[in-house]
Amino acid sequence: MNARLQRVWFWVRWLGAAAIGWHFGWGWGLVAAWVYPLSLLPSFAVLRWINRGAHAPRWGELLQAWAREVVATEMSFGWRQPWRTRAEPDHLPEPAQGATHGVLLVHGFSCNRAFWNVWMARLRQQPGVAFVAPSLEPAFGSIDAYAEPLEQAVQQLVAATGRMPVIVCHSMGGVAVRAWWRRYGGDGREAPQVITLGTPHGGTLLAALSPAYNARQMRWQCDWIRALPPLPRLTAVWTPCDQMVMPALTAAPAGSSAHRIDAVGHVGLVSDPRVWALFQTALAGSSLSTPRRI
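The opening position of the sequence shown corresponds to residue 2 in this note's numbering, with each subsequent residue numbered one higher.
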């Protein structure tokens, strides 16, 4: 379903731009086709005020983040997610094949598993690594409903590797993993290493603009999100140039190992080499306990 929604948006955008160009001139059609990237500019500019003080991003960093975000969103929402959902299948080798590490990749709001295609292609080249990337559905349903498919994915990876996976989440995916941990994390169960990228752990002001059920659950400091338990082993990656998580520090909750990455936007976090390096360190079993700015 998520991929179908992405394809609908693709055709609405480009056919709408073609219709505008046909009737009003191709210059206007070009503007219509790129209205979303252009609309991102004010959302980045306002971050100077929302994240004011010690965490205020510089204008040059915001401009750089916007340019990277345009490329990242066009590749993800205009190509991979609508058309390449099954291009990179899950990798679950038999236990006899020697998989020693598992990775669970959890996408964010209004996305699907193809959000992680580049990561899955790279992980497939790493010997001994099993991975699963589920699509969380329904796209705009309750976040609590995602706990069961996440548990199924965890069980698949435990069966393949004999150990809890490293869980990497983008945006709402980190909130979904906290909902999973609330439901399945009792009875002394081993806590996984979780890495969240731009996750609104305390909610985000921007969620007030969406009527979707899961967006309402992510509203700033709402009762539902405040009731979620913390994750025992959490590495939280955040950026002051995040145009979706407002204020930015909600992505770095107290008690986590927080890592600040500058000059990159919300979607761009997943393609940033600094984030990949942090993940590789976690996968190798090294400590990420020292917060730092990158």
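The C-beta atom is built at its ideal place from N, Cα and C for all residues, glycine as well.
Cα-Cα separation, residue i to residue j
i	j	result
ASP263	LEU235	20 Å
PRO150	GLY204	23 Å
HIS176	LEU229	The sequence given here places Val at residue 176; His does not occur at that position. Rounded to whole angstroms, VAL176 to LEU229 spans 8 Å at the Cα level.
VAL47	THR282	34 Å
ALA122	GLY26	41 Å
LEU207	ALA249	11 Å
TYR214	SER40	24 Å
TRP10	ALA4	10 Å
VAL271	THR74	11 Å
SER211	TRP181	23 Å
GLU62	GLU95	45 Å
ILE144	GLN218	8 Å
ASP224	ALA216	13 Å
VAL159	GLY269	30 Å
GLU138	TYR147	7 Å
ARG49	TRP60	8 Å
GLY54	ALA285	36 Å
LEU31	HIS24	12 Å
GLN126	ALA100	13 Å
Own chain, CB closer than 6 Å to residue i, minus 5 neighbours either side, in chain order
i	result
HIS267	GLY199, ASP243, GLN244 and MET245
PRO254	HIS202
TYR185	GLU152
ASP247	What sits at residue 247 in the sequence shown is Met, not Asp. Cβ within range, chain order: ILE51, THR205, LEU206 and LEU207.
Helix, strand or coil at residue i according to DSSP, with G and I counted as helix
i	result
ALA283	helix
ARG293	Here ARG293 scores only 41 on pLDDT, less than 50, and its place in the model should not be relied on; the value that follows carries that caveat. Here ARG293 sits in strand by DSSP.
VAL167	strand
PHE132	strand
ALA55	coil
ARG85	coil
PHE141	coil
SER288	Residue confidence is low: SER288 scores 38 on pLDDT, short of 50, so the model does not pin down where it sits. Its coordinate-derived value is still stated next. Residue state, collapsed to three classes: coil.
TRP35	coil
TRP67	helix
PRO43	helix
GLN126	coil
ALA264	coil
PRO274	helix
PRO90	coil
GLY26	coil
SER77	helix
Proximity of residue i and residue j at Cβ, strictly below 8 Å
i	j	result
VAL107	ILE168	yes
ARG220	ALA209	yes
ALA278	SER258	no
PRO128	PRO166	no
ALA140	SER172	no
THR162	HIS102	yes
PRO58	PRO274	no
ALA154	VAL178	no
VAL65	ASN113	Contrary to the premise, residue 65 reads as Gln rather than Val in this sequence. No, Cβ-Cβ distance for GLN65 and ASN113 is not below 8 Å.
PRO38	VAL13	no
ALA131	ARG85	no
GLY79	GLY174	no
Close-in-space but distant-in-sequence residues of the same chain around residue i (CB under 7 Å, 5 per side omitted)
i	result
SER287	Confidence is the limiting factor: at SER287 the pLDDT is only 42, short of 50, which leaves the residue's position unreliable and the question unanswerable from this model.
LEU42	TRP67
THR251	PRO201, HIS202, GLY203, GLY204 and THR205
LEU289	Confidence is the limiting factor: at LEU289 the pLDDT is only 42, short of 50, which leaves the residue's position unreliable, though a coordinate-based value still follows. Closer than 7 Å at Cβ, skipping near neighbours: THR236, SER258, LEU279, THR282 and ALA283.
GLU89	ASN118, MET121 and ALA122
ARG294	Because ARG294 carries a pLDDT of 41, less than 50, the predicted location of this residue cannot be relied on, and the following value inherits that uncertainty. Only ARG261 meet the Cβ criterion.
HIS56	PRO241, ALA249 and LEU250
Cβ of residue i within 8 Å of any chain C Cβ
i	result
ALA253	The chain labelled as chain C is not found in the depicted structure, where only one protein chain is given.
Proximal residues to residue i (C-beta, below 8 Å), its chain only, five neighbours per side dropped
i	result
THR291	Because the pLDDT of THR291 is 40, which lies under 50, any placement of that residue in the model is unreliable, and the question is left without a value.
**OP:** Only counting runs of 3 or more residues, tell me where the beta strand (DSSP E) segments fall wholly within the segment 183-260, in order along the chain.
**Re:** 195-198 and 235-239
Original post:
Hey, which unbroken runs of the alpha helix (DSSP H) at 4 residues or more fall wholly within the segment 92-121?
Top reply: none
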